[in-house]
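Protein chains in written order, with my numbering: chain A, 1 to 181; chain B, 182 to 362; chain C, 363 to 543. Note that CB positions come from ideal geometry on N, CA and C, so glycine has one too. For clarity, every value in this text was computed on a predicted model and none was experimentally measured. Each remark here refers to the structure printed beneath this line.
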Amino acid sequence: MVNQRLDRYSTPADWHPGAHWLVQVLWFCAGSPFVAARWLPGSAWRVAMLRVFGAQIGPGCRIKPGLRVKFPWRLQVGQACWLAEDAWIDNLASVRLGDRVCLSQGSYLCTGNHDFRSPDFTLRLGPITIGSDAWVAARAVVAPGSTIGSGAVVALGAVVSGEVPSGVIVRGNPAVVVGDR
Amino acid sequence: MVNQRLDRYSTPADWHPGAHWLVQVLWFCAGSPFVAARWLPGSAWRVAMLRVFGAQIGPGCRIKPGLRVKFPWRLQVGQACWLAEDAWIDNLASVRLGDRVCLSQGSYLCTGNHDFRSPDFTLRLGPITIGSDAWVAARAVVAPGSTIGSGAVVALGAVVSGEVPSGVIVRGNPAVVVGDR
Amino acid sequence: MVNQRLDRYSTPADWHPGAHWLVQVLWFCAGSPFVAARWLPGSAWRVAMLRVFGAQIGPGCRIKPGLRVKFPWRLQVGQACWLAEDAWIDNLASVRLGDRVCLSQGSYLCTGNHDFRSPDFTLRLGPITIGSDAWVAARAVVAPGSTIGSGAVVALGAVVSGEVPSGVIVRGNPAVVVGDR
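Here you go:
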């Protein structure tokens, strides 16, 4: 067992948030709260705001209130995706969604990990890729570095890590394959 | 495996949100944020606001800040229930709670599903019924169409679907019966 | 099976929230919303605000937006801890963190339980202690009365209760030991 020396922690020298600090502050203080605003209906202006901050979002996407995105400049979304209420894309590393992907309510995509066997608690980023026609159901959690195959279904509240093959259904915590779509 | 043609999606012809669009907008922009307001203590005015928007709520109920209700006009709550902080009743379909039901912090009742074997990704609503004296503990998740028997206990963080018999304790994800109350 | 007579519920005679009602109201209406404010960057002022309300927080701690603390006067945090976005310390009973503890995004520490075999639904508080160098990963849930040993890792989305030995990794719901750190 090692200590995690958070008191000595620093982000890796080769890591960069990927945007000018001023853009980060603007996103944090203005862009992000507006995208997440619960009292404001509508989708198009949320899409537009994310694009202003660098997200690549295909046509026909629908974004609901409460969506949280860490770094929009590291988000790629295909066509006709649905990002539901309170979905949380915590993308220190890049997150890529194919076409017609559905992220349901309160789902959480986590890209930040730490090397817990190093006393430096080194940041280990793991991008997430979700194939076309996949569905991440409500309150599901996707671990850093995961790949969800096209057409896969991650069931309600499942906690998934690693590689989910195309067209399967995974369920539980830890999630396991329980069937084919 | 089928594609989910979100780009062609439409809600079923026989589905209706159950309230005039103006009522929906008022609920979304004004009613819901006030019920959820975290900075405002007190329960009675939250109950009153939900009733104004059509919820049936029995006497003696206590509602905490952060409660989220999708469609109050599809909510029936018995007497002396507790709806705790950040409980989320996502009731596209009806949700019925008996008497003395406790929904703890951050619990989530999900009534919306999709037919993921149809390319139309057809909306499949599943009402939720929770019997008297049942306790849905904190961060638990209840799937569309579930029935929780009277007096049952859904443990902390459990993810439950289907029918939970009266008087049992369920736990885990997926939740299984682990004992009697 | 027993009924839970929420309609007759009262907190135990020997229980006290631990602060003057005026302090509680100030915390609820002003302190807590400021600590949790998402649109405001920075950590030091969050630490300062928690200390004003009685939390003991060691030097070098970093607190992110969205942190929720029930009763700061029942919170003890060692040196160089990280409390991440949307971590929720629901401390009706005391919560003690050692040094260099990391609570990741959306983790939830629950200290309130009820005796569900008593018709009084008696409040059963369970303090939580987390040893130095432990890591509670994102969206993990810790049950009332749990003790997390020093250096332990509670994995992403795990739901843990009871005693977690030092230096192990626990995972799943319910969480089980899956390895050593």
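- Closer than 9 Å to the CB of residue 288 of chain B there is not a single CB belonging to chain C.
- Under the 9 Å criterion on CB atoms, residue 444 of chain C is classed as interfacial with respect to chain A.
- Under the DSSP assignment, residue 45 of chain A falls in the alpha helix (DSSP H) whose first and last residues are 44-52.
- Within the region 191-260 of chain B, the complete alpha helix (DSSP H) segments at least 4 residues long are 202-207, 213-217 and 225-233, listed from N- to C-terminus.
- The beta carbon of residue 211 of chain B sits closer than 9 Å to some beta carbon of chain A.
- Taking each of A:35, A:122, A:50 and A:26 in turn and checking the Cα distance to residue 14 of chain A, the smallest one comes out for A:122.
- Between the C-alpha atoms of residue 128 of chain A and residue 82 of chain A there is a straight-line separation of about 17 Å.
- Contact residues of the region 306-331 of chain B toward chain C are 314, 316, 319 and 320 (C-beta to C-beta distance below 7 Å).
- Going by DSSP, residue 122 of chain A is part of no beta strand (DSSP E) at all; its letter is neither H nor E.
- Residue pairing by DSSP places residue 264 of chain B opposite B:244 and B:284 in a beta bridge.
- When 7 Å is used as the limit between beta carbons, residue 478 of chain C is near these residues of chain B: 316, 334 and 362, in chain order.
- In the structure shown, residue 314 of chain B falls within a coil segment according to DSSP collapsed to helix, strand and coil.
- Between residue 333 of chain B and residue 315 of chain B, the C-beta gap is smaller than 9 Å, which places the two residues in contact.
- When only Cα atoms are considered, residue 212 of chain B and residue 39 of chain A end up about 10 Å apart.
- Across the set C:538, C:510 and C:452, the C-alpha of C:452 shows the shortest separation from the C-alpha of residue 265 of chain B.
- Counting along the chain, the unbroken beta strand (DSSP E) around residue 475 of chain C starts and ends at 474-476.
- For residue 458 of chain C, DSSP records a beta bridge to C:438 and C:491.
- Under DSSP, residue 471 of chain C forms a beta bridge with C:451 and C:504.
- Below 8 Å, too few C-beta pairs join the region 68-77 of chain A and the region 154-167 of chain A to call them touching: fewer than three.
- Per the C-alpha coordinates, the member of B:294, B:317, B:306 and B:281 positioned closest to residue 482 of chain C is B:281.
- Distance from the CA atom of residue 422 of chain C to the CA atom of residue 6 of chain A, rounded to whole angstroms, is 9 Å.
- Within chain B, the C-beta atoms nearer than 9 Å to that of residue 39 of chain A come from 209, 210, 211, 213 and 214, in chain order.
- Annotated three-state conformation of residue 171 of chain A is strand, per DSSP.
- One alpha carbon belongs to residue 204 of chain B, the other to residue 385 of chain C, and they sit about 38 Å apart.
- Across the set B:357, B:190 and B:267, the C-alpha of B:190 shows the shortest separation from the C-alpha of residue 305 of chain B.
- Only residues of its own chain outside the window of five on either side were considered, and among them 532 have a CB closer than 8 Å to the CB of residue 538 of chain C, listed in chain order.
- At a cut-off of 9 Å between beta carbons, residue 520 of chain C contacts chain A.
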